[in-house]
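In order, the protein sequences belong to chains A and B. In terms of full-length UniProt numbering, the first sequence is residues 1 to 203. In terms of full-length UniProt numbering, the second sequence is residues 1 to 203. Where is the CB? At the ideal position from N, CA and C, for every residue including glycine. If you're wondering where the values come from, they're calculated on a predicted model, not measured in any experiment. Note sheet for the following structure.
2 protein chains.
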Amino acid sequence: MSSDTRAKMVAGAADLMSRRGVNATSMREVVRHTGTPRGSIGHHFPRGKQQLIEDALVFAGKQVSGPLQHLTETRGAVAGLRAFIALWRGTLERTEFQAGCSVLAVAVEQYVNDATEKDSEPDEAAQQHLLDLADGIFADWQRIMFTALRREGVAPARARRLAALVIASTEGTVAMCRAARSAQPLDDVRQELELVLSSALAK
Amino acid sequence: MSSDTRAKMVAGAADLMSRRGVNATSMREVVRHTGTPRGSIGHHFPRGKQQLIEDALVFAGKQVSGPLQHLTETRGAVAGLRAFIALWRGTLERTEFQAGCSVLAVAVEQYVNDATEKDSEPDEAAQQHLLDLADGIFADWQRIMFTALRREGVAPARARRLAALVIASTEGTVAMCRAARSAQPLDDVRQELELVLSSALAK
DNA sequence: GGCTGGCTATGTCAAGCGTCATATTCTACA
DNA sequence: TGTAGAATATGACGCTTGACATAGCCAGCC
């Protein structure tokens, strides 16, 4: 099957991006890492690395939003928060704190493509597109948490702020855990976030 | 003065790192961007790019911890939180949401040096050192907030958790603001964090 | 069988990278 | 004033990168 190769490339790119970031992830390393043929890149990704990154991003986004959506719908906002954090904790510990969030990597870095030429600007449009994609994924996660809070009676504005707090603090904490090679910050933040959410729900 | 050139290189590297990330920041671009002589790199940074990054990191760390420490000491934890967030908001808006936090960039990326050879491992020790540095800076900011909370009567364990929440959520929010090209998440998160802190202080 | 079209394999290319070596200029002190 | 040492300028080297071109493979269908 052909799309098997393509899927492996996308997953491998997402994995490498979450470990090394966007610019440190080369297409050659993706194929090395996944055992996929180098020559197939041009076939599956005619727009090159930019396209690979885009696909890897939405892949990574769905990997999170899937479980998150399911759990908030079946067991509520607090359970969703716990699952969200547990999911990142799992990623961190499974990889010995080497992998983080590839969406955050895109939001923090600036993708620069070497093989672009002579126009005045490097590739501002491409970078904007990646940022739009990352923004959309963050917004997606936030919307899931927002909906769960609304369903449990939290006022719209408050729900928006709380959802932003949950997503942002978790993302930041994952990066800090990577630096500290410890999951302790995640536990600390989870504890405080649970307090905040349950107190907002009790009102 | 010689150290003037050196200081400009460090500041320029910190700025570029906060915009593009570690790997997308080349030494050639640092000297281009700062108008400093390329040949001086070897003089001021005998250990090369690794050393430049390290110096830029502690430079960026101090730029934040200075004001943060001063404000928490003179006006308390909540004022410190407001200043911390206002500081990042200023950076975001001044650069049209192009610059973020260079410490976060180090925590999210993996620095890979091209010009290393033939040993089995690339440069694991160098990367670990950068992570240690970033971890130390995060811990520094956290300690300042922790101390302020303690001074205002918050129990040690709680103060540690709250400090972690403040730093992590702010870092995450800054990255999200970059992706969204909007400071709205920062406002949302600031509002919720103020609620949390003041309620913890009221106890 | 033969052919066609989706894949794969491999090599080349220009450009950028960090580092090093060398040459030149500047500067401060004897 | 003379001179040593710091600072700067410049070019070369080996390497990797993304992109592209060419050629080989191997199904499925006439």
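- Non-local C-beta neighbours of residue 201 of chain A in its own chain, meaning closer than 8 Å and more than five positions away in sequence, comprise 77, 78, 149, 152, 153, 154, ordered along the chain.
- For residue 39 of chain B, no alpha helix (DSSP H) segment is defined, and its DSSP state is neither H nor E.
- The alpha-carbon separation between residue 198 of chain B and residue 41 of chain B amounts to approximately 48 Å.
- Around the beta carbon of residue 171 of chain B, a 10 Å sphere encloses 16 or more other beta carbons of the protein chains shown; the residue is thus reported as buried.
- Here the segment 80 to 94 of chain B does not lie against the segment 36 to 55 of chain B, with fewer than 3 beta-carbon pairs under 8 Å apart.
- Proximity to residue 193 of chain A across A:75, A:156, A:82 peaks at A:82, based on C-alpha coordinates.
- Using a Cβ-Cβ cut-off of 7 Å, residue 11 of chain B does not count as an interface residue toward chain A, since no Cβ of chain A sits closer than that to its own.
- Going by C-alpha positions, residue 11 of chain B is about 10 Å away from residue 58 of chain B.
- Chain A has no Cβ within less than 7 Å of the Cβ of residue 91 of chain B.
- With fewer than 16 other CB atoms across the displayed protein chains lying within 10 angstroms of its CB, residue 157 of chain A is exposed.
- Close CB contacts of residue 169 of chain B within its chain, under the 7 Å cut and outside five residues either way in sequence, are with 189, 193 (chain order).
- Along the segment 95 to 111 of chain B, going in chain order, the ones with a CB nearer than 7 Å to a CB of chain A are 100, 104, 105, 107, 108, 109, 110.
- For residue 128 of chain A, the number of other beta carbons within 10 angstroms of its own is below 16, and it is reported as exposed.
- When A:174, A:165, A:131, A:9 are compared, the shortest CA-CA separation from residue 195 of chain A is found for A:165.
- Taken residue by residue, none of the segment 63 to 79 of chain A has a beta-carbon sitting less than 7 Å from a beta-carbon on chain B.
- Taking a C-beta distance under 7 Å as the contact criterion, residue 110 of chain A and residue 20 of chain B qualify as a contact pair.
- DSSP places residue 80 of chain A in the uninterrupted alpha helix (DSSP H) bounded by 49 to 94.
- Taking C-beta atoms as the reference points, residue 162 of chain B and residue 173 of chain B fail to come closer than 7 Å.
- Among the CB atoms of chain B, none fall inside 7 Å of the CB of residue 45 of chain A.
- Interface criterion met: the Cβ of residue 20 of chain A is under 7 Å from a Cβ in chain B.
- For residue 32 of chain A, the closest Cβ of chain B is not nearer than 7 Å.
- Taken in chain order, the members of the segment 141 to 166 of chain A whose beta-carbon sits within less than 8 Å of a beta-carbon on chain B are 160, 161, 162, 164, 165.
- Contact between residue 65 of chain A and residue 140 of chain A holds: their C-beta atoms lie close to 5 Å from each other, under 8 Å.
- In the three-state scheme derived from DSSP, where H, G and I count as helix and E and B as strand, residue 5 of chain B is classed as helix.
- For residue 185 of chain A, a Cβ of chain B is located within less than 7 Å of the residue's own Cβ.
- Per the coordinates, the alpha-carbon of residue 17 of chain B lies some 6 Å from the alpha-carbon of residue 25 of chain B.
- For residue 25 of chain B, no alpha helix (DSSP H) run applies, since DSSP gives it neither H nor E.
- Just so you know, the alpha carbons of residue 52 of chain A and residue 143 of chain A end up roughly 26 Å apart.
- Contact annotation, residue 97 of chain B with residue 181 of chain B: C-beta distance approximately 5 Å; criterion of less than 8 Å satisfied.
- Relative to the Cα of residue 106 of chain B, the nearest Cα in the group B:84, B:135, B:124, B:125 belongs to B:135.
- Residue 101 of chain B sits in coil when the DSSP states are folded into three classes, being neither helix nor strand.
- The alpha carbon of residue 167 of chain A has as its nearest neighbour, out of A:183, A:84, A:102, A:36, the alpha carbon of A:84.
- In the three-state DSSP reduction, residue 112 of chain A falls in the coil class, being neither helix nor strand.
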